[in-house]
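Numbering (this note's numbering), first residue to last: 374 to 953.
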């Protein structure tokens, strides 16, 4: 099978016209192809020479880019050339390991080849070849000791930092910069054979950068390669780690779409690894992550994979995750409040609803982590945040604009309500007084009034369920007498209006019959949930201010409407209405 593949490669080399063939004299390629001939397939020093010759003179950025520009079909041919080199190194590693007795030479030879391959990606036309380049580099890294592979990863990270600094210069200066790779630390000479006069000097690899795009192409390739490398533990070199993190996050902020994706992949790998053990990058990481979320929402064609990576990154910053302490260790309350403000701004962006569901959920869960943090502060510290009440209004306004009120949204609202009433419990005139005593009750009452609005359909019921849940589910037993009275009065008013025979749920359920079948089903489920919420605090005549028998009559009236509509369109059982 191998022999057939090699013969096919020979045919390709012979049939492709000179103008298309990146290997003008097929001599060196043919010598390498002989390795796969079962009769002649021994590997010696000359094969390393042939490989390095091709890398020096034929597999070079300008040459590849020129061929691809001249004919798009040449991209496939170039890819096959690289595929062959990958096959050669993975299946006949002796082409490199033949020098392994001289450890320094072997390591530098591997580093030089990796550099030559990475240099290919400087041409935007060669970007489609990047995945094949990384596969070959990974094969080479697998030949190295773990210690040297880790050292190589650090040097690659330094190359990435240097390129990011060049990236800044290219953004503001119209000139060409030459970048010399420094992975290989010594000059190398490869001989055709032992004692032969033919020798090949492997010079340092240099690329020219005259625009942002070529620079970002190489940066993307290095990020992809670093994903395959064992990264040095942060604690081993803290100064390097701080510097690298800052440049990586700077790269994330300024990158084009492709580089942003590769940077995110690398960032996620580092955050999720055991080596991420310092807090210095935590707040910067969140800042750039939220900025990327905002950028993605405004993108014409938001990338699904970027959304997934951002979701994973935010999940690593959430409460109860092992990185939580790292991220928030030194965060001050005003910074947490600022992060919540940004979450509210993101929720209000026009295309937020079009985001991947995983990212929407992660953004809300991150906000819950922030409200969780707020509750860890002393109440007098929280009271000192004068803008907290306005922030809570901002967040609730943003939440009410969403299409769905899932678990993180409900948890966020519950935290907001609990915090605001706890603050008001300490003093009537505080940063949260307006929110707790005026804004939030008004929103609850508005949702009750809107139940009669048929144009809202099932959304009216959903909003009502969302807003009243904290009133009945949150625990207020430890709050002041005044706050407990306010909550009790609010519960009574909500229950009375929802269970009134001429309004509330009864009227809403009468309107359900006019809705489409799917909405009828959802409406019944939500109405059933609301009834369960109302009775979750237990049934007593004092609770809601009207006679128990009358209240039960209203409940059974609601139940009858549910039963009439349930038949063909719903599967809600009576057991779903739960009472404590």
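Positions of the beta carbon are idealized from the N, C-alpha and C atoms, including for glycine.
Keep in mind it's a predicted model, so treat the numbers as computed, not measured.
Check: Residue range of the alpha helix (DSSP H) that includes residue 551; Outcome: No alpha helix (DSSP H) contains residue 551, which is instead part of the beta strand (DSSP E) from 550-553.
Check: Cβ separation of residue 856 and residue 797, assumed to be a contact under 8 Å, to the nearest whole Å; Outcome: 6 Å
Check: In DSSP terms, what residue 976 is bridged to; Outcome: One cannot answer for residue 976 here, as it falls past the ends of the chain, which runs 374 to 953.
Check: Simplified DSSP state of residue 600, which is helix, strand or coil; Outcome: coil
Check: Any 3 or more C-beta pairs closer than 8 Å across the stretch 718-730 and the stretch 767-786; Outcome: yes
Check: Simplified DSSP assignment, three categories, for residue 875; Outcome: coil
Check: Residues sharing a beta bridge with residue 564, DSSP; Outcome: 572
Check: Euclidean distance between Cα positions of residue 938 and residue 909; Outcome: Annotation note: pLDDT 45 at residue 938 (below 50); position unreliable, coordinate value reported separately. Those two C-alpha atoms are separated by around 25 Å.
Check: Rounded separation between residue 847 and residue 815 - CA only; Outcome: 18 Å
Check: Rounded Cβ spacing between residue 620 and residue 534 (contact assumed at less than 8 Å); Outcome: 4 Å
Check: Residue range of the unbroken alpha helix (DSSP H) whose run includes residue 463; Outcome: 447-464
Check: Continuous alpha helix (DSSP H) stretch holding residue 404: start and end; Outcome: 400-406
Check: Same chain, Cβ closer than 7 Å to residue 588, neighbours up to 5 away in sequence not counted; Outcome: 536, 539, 540, 543 and 582
Check: Inter-residue spacing [alpha-carbon to alpha-carbon] between residue 902 and residue 838; Outcome: 8 Å
Check: Run of the alpha helix (DSSP H) containing residue 615, from where it starts to where it stops; Outcome: 611-627
Check: Proximity of residue 747 and residue 681 at Cβ, strictly below 8 Å; Outcome: no
Check: Sufficient close CB pairs (3 or more, under 8 Å) joining the stretch 446-456 to the stretch 593-610; Outcome: no
Check: Anticipated Cβ contact below 8 Å, residue 782 with residue 775, distance rounded; Outcome: 7 Å
Check: Rounded distance between the beta-carbons of residue 480 and residue 529, thought under 8 Å; Outcome: At roughly 14 Å, the Cβ-Cβ gap does not stay under 8 Å, so residue 529 and residue 480 are not in contact.
Check: Reduced DSSP secondary structure (H/G/I, E/B, other) of residue 682; Outcome: helix
Check: The stretch 827-834 / the stretch 799-810 touching (three or more Cβ pairs under 8 Å); Outcome: no
Check: Cβ pair residue 656, residue 708 closer than 8 Å; Outcome: yes
Check: Beta carbon of residue 461 nearer than 8 Å to that of residue 451; Outcome: no
Check: Same chain, Cβ closer than 6 Å to residue 463, five either side skipped, listed in chain order; Outcome: 512
Check: Residue 497, DSSP secondary structure in three states; Outcome: helix
Check: Between the CA atoms of residue 635 and residue 886 - distance to the nearest angstrom; Outcome: 51 Å
Check: Under the three-state DSSP convention, the category residue 827 falls into; Outcome: helix
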